Amino acid sequence: MKGAVPTILANEAYLAAILAQLVIIILVGRVMNALARRLGQPGAVGEIAGGLMLGPSLLGAFFPEFHAMLFPAETARTLFVLGQIGLVLLMFEIGADFDFGHLKAPRYRRAVILVAAVSVSVPFLAGVAVGRLTHEALAAGIDRTLYTLFSGVAMAITAVPILGRILREFALNRTPVGVIAISAAALNDVVGWLILAAISALAMAQLSDGFLLQRLAALVALALGVRVLLVPFVSLMIERSAMAEAGSGLPRGLMAITIAVAFALALATEAIGIFAIFGGFAAGLAYHRHPGFVERWKAEVSPFVLVFFLPIFFTLTGLRTDILGLTAADLPLLAAVLAAAILSKILPCYVAGRLSGLSAPESWLLGSLMNTRALMELIVLNIAFDLGLLPQKMFTMLVLMAIVTTAMTGPLLRLILPRLGHPLPDPRQSAAA
């Protein structure tokens, strides 16, 4: 019995540390979310900025002792797990709220494929070029091929979860351009994650000739399983839950099974090698035929996910980012990284939109949406950083690139949408959301 006392005390101290972190993270995230919306930005931009504020870029720089006490290194794994759970649940909602109606038109299907193709290939090549040009100056001690490939993937990614939130905030999630953007972004990221899995395996000396083919086969099998088995199961489950059409909440048993399904598919995609969050998205697609369920989920579950889980992931990234570590001599390189990232996304997607029959304003809107990187970009960067394939300065520059490209989206949408006759959200109302 005596030997158990130190363990109990250690567990209580660890719990207290996590609770203290969560108090700060949730409050800072909510305040920064509201501030960002007041400024006409997506709330996620404020939450990312809040995460950076809690890291060495601000809190750690001016209050190092308090920062070390608030965020001891041993708690990072718990924050990582909580953040990933939040990402899986958010991706589930995005998948469930997916509207395929506009894709019935052949020109929209062609647009999705074309936009996805150019939004991966052109930024990937631009990122590889940036990696080759910066390797000697920033990453001389890192394998050149792996560093340049990771730089390419970092440029190619589009942030599906954040894009989904932006589409909802601007009421674009059921418009043709919004559906094309989220569809192309999903295809974009599946390809990006497959490339990322291959590069990660290469970095860990696990790549074989059949690596990509095996994962592609597994992905196809998973997609067939969702369509053939999960979709009918979900329909039967919702019918038997006897949800009233209006005025009733989400049945708790149905909620429990749904969460279990999302986590099970997250395990499946993690095993395939395209990471757990896409399992959440795949699970959500099986529910999109049931708008009553989706609306109840968004009303009862989504607010908790957005308020509690997402700021945790942003804070974890902020703890790894040191903006003050950049010097004046690094600013031209930072500007080059930003220019390459922005131009290689917006311009090719604009051209793809025009070739697909969209008007010029719709095509600029499409390019602006596809330029959103934030969340998925941060995930890629954290993977590369953990593998030792991104030096601190380049990691910081790419984090800033993710923030800038995402922060651009709100102002660009506010410039473009009036030309399309689309109403803009009221910042005063959205700030309270």
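Heads up: the sequence shown at position 355 corresponds to 354 in numbering that gives the first Met the number 0, and the numbers run straight through without jumps.
A virtual CB, placed ideally from N, CA and C, is assigned to each residue, including glycine.
Note that the structure is a prediction, hence the values are computed from the model and not measured.
Whether residue i touches residue j by CB criterion (8 Å)
| i | j | result |
| --- | --- | --- |
| Phe91 | Ala298 | no |
| Glu269 | Ala275 | yes |
| Phe312 | Gly42 | no |
| His289 | Gly94 | no |
| Leu34 | Gly45 | yes |
| Gly409 | Gln40 | yes |
| Ile237 | Phe292 | yes |
| Val87 | Ala259 | no |
| Thr147 | Val127 | yes |
| Ala218 | Ile165 | It is worth fixing the name first, because residue 218 is Leu in this sequence and not Ala. No, the Cβ-Cβ distance between Leu218 and Ile165 is not below 8 Å. |
| Ser355 | Arg109 | yes |
| Ala383 | Phe149 | yes |
| Ile181 | Leu162 | yes |
| Asp188 | Val225 | no |
| Val304 | Leu89 | yes |
| Ala16 | Thr74 | yes |
| Ala125 | Ser343 | yes |
| Pro175 | Tyr107 | yes |
Start and end residues, alpha helix (DSSP H) containing residue i
| i | result |
| --- | --- |
| Leu374 | 373-385 |
| Pro310 | 309-317 |
| Val87 | 75-95 |
| His66 | 63-69 |
| Leu229 | Run containing Leu229: none; DSSP gives neither H nor E here. |
| Thr257 | 251-271 |
| Thr404 | 391-415 |
| Ser150 | 143-155 |
| Ala359 | 359-369 |
Contact belief for residue i with residue j at Cβ below 8 Å, rounded distance in angstroms
| i | j | result |
| --- | --- | --- |
| Val111 | Ala222 | No, Val111 and Ala222 are not in contact; Cβ-Cβ is about 16 Å, not under 8 Å. |
| Ile179 | Val114 | 6 Å |
| Leu380 | Leu374 | About 11 Å separates the two Cβ atoms, so there is no contact after all. |
| Leu315 | Leu78 | 5 Å |
| Ala401 | Arg372 | 5 Å |
| Gly85 | Leu309 | 5 Å |
| Leu386 | Ala202 | 5 Å |
| Thr133 | Leu332 | 7 Å |
| Leu186 | Met393 | Wrong, their Cβ atoms sit about 27 Å apart, outside the cutoff. |
| Ala285 | Leu229 | 5 Å |
| Trp192 | Phe307 | At roughly 25 Å, the Cβ-Cβ gap does not stay under 8 Å, so Trp192 and Phe307 are not in contact. |
| Arg418 | Pro360 | 4 Å |
| Ala48 | Met31 | 6 Å |
| Asn370 | Thr395 | Not really, about 20 Å apart at Cβ, beyond 8 Å. |
| Leu318 | Phe70 | 6 Å |
| Pro250 | Ser240 | 5 Å |
Per-residue DSSP class, three states only, for residue i
| i | result |
| --- | --- |
| Gln40 | coil |
| Thr326 | coil |
| Gly50 | helix |
| Asn172 | coil |
| Arg288 | coil |
| Asp321 | coil |
| Asp188 | helix |
| Cys348 | helix |
| Ala197 | helix |
| Ile181 | helix |
| His421 | coil |
| Ala245 | Confidence at Ala245 is low in this model, with a pLDDT of 49, below 50, so the placement of that residue is unreliable and no value is reported for it. |
| Glu11 | helix |
| Val159 | helix |
| Ser301 | helix |
| Ala110 | helix |
| Gly140 | coil |
| Pro55 | coil |
| Phe280 | helix |
| Ala240 | Inspection of the sequence shows that residue 240 is occupied by Ser rather than by Ala. It is coil, neither helix nor strand. |
| Leu388 | coil |
| Gly356 | coil |
| Phe274 | coil |
Any C-beta of chain C under 8 Å from that of residue i
| i | result |
| --- | --- |
| Val300 | Absent here is chain C; the protein component of the structure consists of one chain. |
Is the number of C-beta pairs between the region 151-159 and the region 117-126 that are closer than 8 Å three or more? yes
How about the region 317-325 and the region 335-342: do they share at least three Cβ pairs that are nearer than 8 Å? no
Inter-stretch contact (C-beta, 8 Å, three-pair minimum) for the region 170-187 and the region 361-370: yes
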